[in-house]
Each structure stands twice: as C-alpha cells, then as structure tokens.
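Undergrad:
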Amino acid sequence: MVSPGPAIGSTSGLSGLLPELEVIRKDFPILERTLAGGMPLVYLDSANTSQKPQVVIDTMVDHLERHNANIARAMHQLGAESTEAFEAARDKVAAFIGAPERDEVIFTKNASEALNLVANTLVWAGERQIGAGDEVVITEMEHHSNIVPWQLLTQRTGATLRWFGLTDDGQLDLSNIEQLITERTKVVSLTWVSNMLGTINPIAEITRKAHAVGAIVVVDASQAAPQLPIDLAAMPLDERPDLVAFTGHKVVGPTGIGVLWGSRAVLDQLPPFLGGGEMIETVRMDVSTYAGIPHKFEAGTPPIVEAIGLGAAVDYLGHIGLGAIHAHEQAITAYALEGLQGIKGLTVLGPLDAALRGGAIAFELDGVHPHDIAQVLDSRGVAVRAGHHCAKPAHARFGVQSSTRMSSYLYTEPREIDALVEALEYTRSYFKLD
Amino acid sequence: MTAHGTDRNGLDALYQEIILDHYKNPHGKGLRDSATGESAEVHHVNPTCGDEVTLRVHLKDGVVEDVSYDSLGCSISQASASVLYDLVIGKTVDEALAIHQEFLTLMQGKGNVEPDEDVLEDGIAFAGVAKFPARVKCALLSWMAWKDATTQVVAGGEDKS
Ligand SMILES: Cc1ncc(COP(=O)(O)O)c(C=O)c1O
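Each protein sequence line maps, in turn, to chains U and Z. Going by our numbering, the first residue of the first sequence is number 573, and it counts up by one from there. Going by our numbering, the first residue of the second sequence is number 4, and it counts up by one from there.
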C-alpha cells in the first residue's frame, strides 16, 4: 500500500521549514555518514539525543588544545582563560532561557542530576523541607527521571505522591486540579513537553494554581528547551516556574552537562547538595559556610569543556532562532503525522494536532513489535527509538507495553520522513502483514 | 518492495524463517498448572525495552515436566521462549542445563560460535541474533527466567531433604 501523504519531491512547498535547511544540515558532519550497506543516515532519534554542529565540536577541541586549565582555583593565564570561557557559557545559557539572573544558572551533569538535586535538597533540613503530611504532585506522562526522585523523596519523608492523570488524547487531565493542588501541596513537578506523547503542557496555568497555595513548581524542560522559545524573565512571576531543568545533549550540546535554573529566592532556601571544593565560603574543622549561588550547588571540578560546548550549542540555536526552530519542528511534525497515519495498522499515541505537540511521535504498528520495527528500519539507515522511552507509566496508561518513536530536529528534512514512511511500509511487507 | 539488496543488510540472517514461524505459532505458550511436579514461577523483565515474561517450571523426579509462560515482547524473545519449550521438556534437569549452556554460549559468541544442531535443533536459527548485540538480551530473556525458576525448584527440594 502506498501512503497517501504528499509524494516525494513535492515537499518544497511545506511552509514553516527553516529557509536555510541545506546550510544547517552542512553544519552537522554526522548527517553525511553512510551506514552498513551504503545506506545514508536518516536520523530520527533527536529526542533521545541530538546531533552536534561543527561549531560545538570545534569549540570543545579548541578549548582542550589551547585553553585547558582548572577553573576558579588556577592563578595563571590559562586558568583565567578557562574560567572566563566557563562563566561565559553560563551567560549564554542564561540568555538562552531568559534567566532573570545569570547566577541562577547551575551546571549539573544532566537533567536527571538537576531533578535529583532538587528532590534531595528538599528532604534535608531547610526552609523548604518536606515532611509527613505534605504532598508532591507529578503527572502520569513524566520521564522516569522526573518520577523516581520524587518517589524516593516521598518514601524518605512520609510525604504523599499524587499524580495528574491523562486524557485519552494524551493531554494532562486537569479536571481534578482543585483536588490535586491544595494547601498540602509543597511541590508540583511536571514536564513541559512529553518525550513520549509530544504533548505541550500548560505550564503557566498550573504554576499559577501551585503558587496560589504556596507550592513551588519544578519543570522538566528536557524536551522543551530544544524546540520552544523560553523567556523566563518575560513570564509573570505567578506563572514562572521556580526551578527548570534541562539536559545539554538534547540542545545540540555534548553529554555530561545539564542545567538547573532556579529563582534566587528558592535556591537560597535550599541547603547545599554535594559538598566539596568550590561550593564553600570557608571550611573549619567544626563547621563550614557555603558559597552563594551558583557555586553553592557546584561542588568539585565541573564538566568544564562540556559547559563550554553547551555555551556554543545554545549560541548556535539562538542564532538560528528558537521561534524558527519551533516552526520547523511543527512543519515536520505535521508532515510526519500525515505520512504515518497513512500506513495501514499504524496508531499514533498522543495529540494528532501538530500545533499541540513537540517533535516526537510515538506509534504502534499492528502485528509488529517495536524492536522488530526499529531493527528493520535500522537496516535501511533509519534510526528511531523502540521501547518504553523511560515513560513506563504513560505507556501503561494507554495499555501499550512499548512503542516506536520518531523524533525530528532542526536538521530534519521532509525527505527523511518519506524515508521513514517507506521503511515502515517495507517493514509491513517484510513481516508479511497483508 | 522486497528488491532492496540481496542480504537486506543482514536482516535475513536475524529473522530466519524458523524464528518467524515460532513467533507466529509459539509452542507451549500460556501459563499452566496441569503438571504435578514441584514448581516455581518467576517474572523477568528486560529493563531497556520493557519486554516481560512470566515463566513457570514444573520438575518431576529430576525431569522437566512442563515449562509454561506468558510473555510480551518482540519476535526474537517470543520465538526463543517457544524454542526453549521444545528443547527442555522431557529432559533431565542436568541435560536441560547443558542445553541452556550451549544456547548461552551461542548467544554470547558474537556470531563466531558454530551451533550444534543435534543439541539446539531449531535453536540454531538464533546464530544470526548473536551478531546483533542489542538483541541478545531479547533471545535470552526466557532462557534466563527458565534457569532462575529451575534453580529455585532444585534449591527448594534440597531445603526439604
Ligand atoms: C522529558 C525528559 N526528562 C528527562 C530526561 C533525562 O535526561 P538525561 O538522561 O540527560 O538526564 C529526558 C531524556 O531522556 C527526557 O526526555
């Protein structure tokens, strides 16, 4: 069966695509790779990790070749250069998310560590300490990184974990928000964009509700930061989350670096996370005092070159413009939704309107397990993800054990979606589904 | 749509006809309690993809009386459970463990182990899977569950004596 989607070659008319797509693709050397059997790479796994532009690679190599030194503690020229580059990266990240203050940007290892930082420091003695009788609210569409830390927190404190459910079309079910967010609620933590369903959540509305009862709001922006323009300073205070986490490797940066942004007010109320070098003011044998933010939460030698690489990455994205990237993602997502739904036996999970979702589309194909789909696709150079995508509760909600997920990014071309659709038709024929 | 190269990039080595047959018509599938011997049940999960198997072993007088299972997973994991069933029923525990070892060696051999058809029968079809590191765990899911359950029955019997 041939998909009724637009025919190959007719895609130049797709509106919203990045005008310089050909040039952008040249920035990503890996896209020129071929795989086994000479198949060109069709990389549709960017929600898992994004590819890296040459400028990120070059920036990191240049730092290692010419400026490498430890930061803050090295009193020589290289130390000064390295410190300056590291702190400049903080400025770039602050600009990328519109942070009200650059010192509110804390470097972590990844999004998971950023979320764990919050969920751990809330357990310890401090102004925000959580105890028995308190409640933490998360959602059924969270990534395991925004579930397990809160399960650990509630187990350790005797607090209660509560969940927003999901509607059948993959949105947050807000019908019981008044019962969920109450004066017992201390934290509401949720993802901005779902990595499985693609859903974009109403952060402002939920934050307003949470703030009205004095709760803090933690947002997992791992999938939002790559594709939505974020301007925290422009958000009204009652709608602005208190803490926002994302991970470097999904915003065309390297692995090993993540970001926790937090409002100064809340970060000052949290006790230190890890103890060690750089996070102190003074250390005596009886007691130590701690540095202010951001250093209070950055114990030990940080991932210096990774932070600098992330600075180059967000600069690169900022240069292209997050508004334009978002429009591109929407155009590709709409095109993919159309192509995928033309395949017999294929069911898309999550919202079907591209305007309501991000660029990750999970789907099921009747009669073929996701592992087998991914394997056949891989033999044709098409890289997707198969499994539960670290979102087991969301899969359970929709009664599926696992799914296949395609995810696009700023370098994705319509012809790659055509290749995916064709490879899925081939998968159906390979497993003799008709 | 099948004229895409002759070896289709190794796909046909992975998805041998035998594997697809076992996938479509699995042998011994479904949890049963009809056997009379000592039994144990285990639940194993592949944490990376979420594939699951609940597997029950009945042993009687040192012989594998029944292996029954409920499973959710890909063609490789489903077919390997079916092949396991065919291979171990009616064997002594020691014979079955030897077959298990032979299959394990094949799967961990990175494609460099020549399978012995006399021992592994349809299991030789999995030789191609060993070349796909990401799929070895799929092939071993039910086999590991079987060994776990069998060891539990054997240990339980020893405890009582
Ligand atoms: C929504 C979401 N949250 C958190 C994470 C975790 O990111 P990391 O593994 O880099 O900590 C991911 C990525 O896998 C994600 O998609």
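Where a beta carbon is used, it is the ideal one built from N, C-alpha and C, also for glycine. Bear in mind the structure is a predicted one, so any value in this text is a computation, not a measurement.
#1: Applying a beta-carbon distance threshold of less than 8 Å, which residues of chain U neighbour G53 (chain Z)?
#2: Return the CA-CA distance between G40 (chain Z) and V60 (chain Z), expressed in angstroms with no decimal places.
#3: Leaving out five residues on either side along the sequence, give the residues of the same chain with a beta carbon under 6 Å from the beta carbon of A934 (chain U).
#4: Using a C-beta to C-beta distance shorter than 8 Å, which residues of chain U count as neighbours of G13 (chain Z)?
#5: If we call anything under 8 Å between Cβ atoms a contact, is Y983 (chain U) one with L616 (chain U)?
#6: Kindly indicate if chain Z contains any beta-carbon less than 8 Å away from that of Q947 (chain U).
#7: When you check each C-beta in the segment 907-941 of chain U against every C-beta of chain Z, which residues fall closer than 9 Å?
#8: Since D814 (chain U) and S835 (chain U) are thought to touch, with beta carbons under 8 Å apart, how far apart are those beta carbons, to the nearest angstrom?
#9: Ligand 2 and A683 (chain U): does the residue's C-beta get closer than 7 Å to at least one heavy atom of that ligand?
#10: What residues from the segment 128-147 of chain Z come within 9 Å of chain U, judged by C-beta to C-beta, listed N to C?
#11: Assuming E55 (chain Z) and L87 (chain Z) make a contact with CB atoms under 8 Å, what is their CB distance in whole Å?
#12: For A906 (chain U), which residues from the same chain have a beta carbon less than 6 Å from its beta carbon, with the 5 sequence-adjacent residues on both sides left out?
#13: By a C-beta neighbour count over all protein chains shown, 10 Å radius and 16 as the cutoff for buried, is H821 (chain U) buried or exposed?
#14: Where P808 (chain U) and K758 (chain U) are concerned, what is the direct C-alpha to C-alpha distance, given to the nearest angstrom?
#15: Of all the CB atoms in chain Z, is at least one closer than 8 Å to the CB of H943 (chain U)?
#16: Of the residues U:P601, U:P591, U:A879 and U:M611, which one's Cα is nearest the Cα of E988 (chain U)?
#17: Thinking C-alpha only, which one of U:H960, U:F970 and U:I945 is nearest K1004 (chain U)?
#18: Do L687 (chain U) and A837 (chain U) have their beta-carbon atoms positioned less than 8 Å apart in this structure?
#19: W735 (chain U) bridges to which residues according to DSSP?
#20: I'd like to confirm something about D814 (chain U): is its beta-carbon nearer than 7 Å to some heavy atom of ligand 1, or not?
#21: Helix, strand or coil: how does DSSP classify Y615 (chain U) here?
#22: S71 (chain Z) versus chain U: which residues are under 7 Å apart at the beta carbon?
#23: Between the C-alpha atoms of A652 (chain U) and F658 (chain U), what's the straight-line distance to the nearest angstrom?
TA: So, to answer that:
#1: Here residue 53 (chain Z) is taken as the residue at index 50 of the second sequence, counted from 1. Neighbours of G53 (chain Z) on chain U, chain order: G959, H960, K964, H967, Q973 and S974.
#2: Residue numbering aside, residue 40 (chain Z) sits at position 37 when the second sequence is read from its first letter. Residue numbering aside, residue 60 (chain Z) sits at position 57 when the second sequence is read from its first letter. Approximately 9 Å between the Cα atoms of the pair.
#3: Position 362 of the first sequence, counted from the start, is the residue given in the question as residue 934 (chain U). Answer for A934 (chain U): M768, L921, S975 and R977, listed in chain order.
#4: Counting from 1 along the second sequence, the entry for residue 13 (chain Z) is found at position 10. The contacting residues are A608 and S951.
#5: Here the question's residue 983 (chain U) lines up with position 411 in the first sequence. Here the question's residue 616 (chain U) lines up with position 44 in the first sequence. No, these two residues do not count as a Cβ contact at 8 Å.
#6: On the first sequence, position 375 is the one that residue 947 (chain U) refers to. Yes - at least one Cβ of chain Z is within 8 Å of the one on Q947 (chain U).
#7: V940 and H941
#8: Here residue 814 (chain U) refers to the residue found at position 242 when the first sequence is read from its first residue. Here residue 835 (chain U) refers to the residue found at position 263 when the first sequence is read from its first residue. That pair is a contact at about 5 Å.
#9: You won't find ligand 2 in this model; what it holds is ligand 1.
#10: F135, A137, R138 and C141
#11: As a first step, residue 55 (chain Z) is located in the second sequence; it is residue number 52 there, counting from the start. As a first step, residue 87 (chain Z) is located in the second sequence; it is residue number 84 there, counting from the start. Incorrect: roughly 16 Å between the Cβ atoms, too far for contact.
#12: Reading the first sequence from its first residue, position 334 is the one you call residue 906 (chain U). A926.
#13: The residue labelled residue 821 (chain U) in the question sits at position 249 within the first sequence. Buried is the call here.
#14: Start at 1 with the first residue of the first sequence, and residue 808 (chain U) comes out as number 236. Start at 1 with the first residue of the first sequence, and residue 758 (chain U) comes out as number 186. In a straight line, the C-alpha of P808 (chain U) is about 20 Å away from that of K758 (chain U).
#15: Your numbering for residue 943 (chain U) matches position 371 in the first sequence. Chain Z contact via Cβ: present.
#16: If you number the first sequence from 1, residue 988 (chain U) lands on position 416. Comparing Cα-Cα distances from E988 (chain U) to each of U:P601, U:P591, U:A879 and U:M611, the minimum goes to U:M611.
#17: Numbered from its first residue, the first sequence carries residue 1004 (chain U) at position 432. Of the listed residues, the one whose Cα sits closest to K1004 (chain U) is U:I945.
#18: Along the first sequence, one-based indexing puts residue 837 (chain U) at 265. Along the first sequence, one-based indexing puts residue 687 (chain U) at 115. For A837 (chain U) and L687 (chain U), no; Cβs fall outside 8 Å.
#19: Counting from 1 along the first sequence, the entry for residue 735 (chain U) is found at position 163. U:I710, per the DSSP bridge assignment.
#20: Within the first sequence, numbered from 1, the residue matching residue 814 (chain U) stands at position 242. No, ligand 1 has no heavy atom inside 7 Å of this Cβ.
#21: Within the first sequence, the letter at position 43 stands for residue 615 (chain U). Correct three-state label for Y615 (chain U): strand.
#22: Residue 71 (chain Z) sits at position 68 when you count from the first residue of the second sequence. Residues of chain U passing the Cβ test: none, with the nearest at roughly 20 Å.
#23: Taking the first residue of the first sequence as 1, we reach residue 652 (chain U) at position 80. Taking the first residue of the first sequence as 1, we reach residue 658 (chain U) at position 86. A652 (chain U) and F658 (chain U): Cα-Cα distance of roughly 10 Å.
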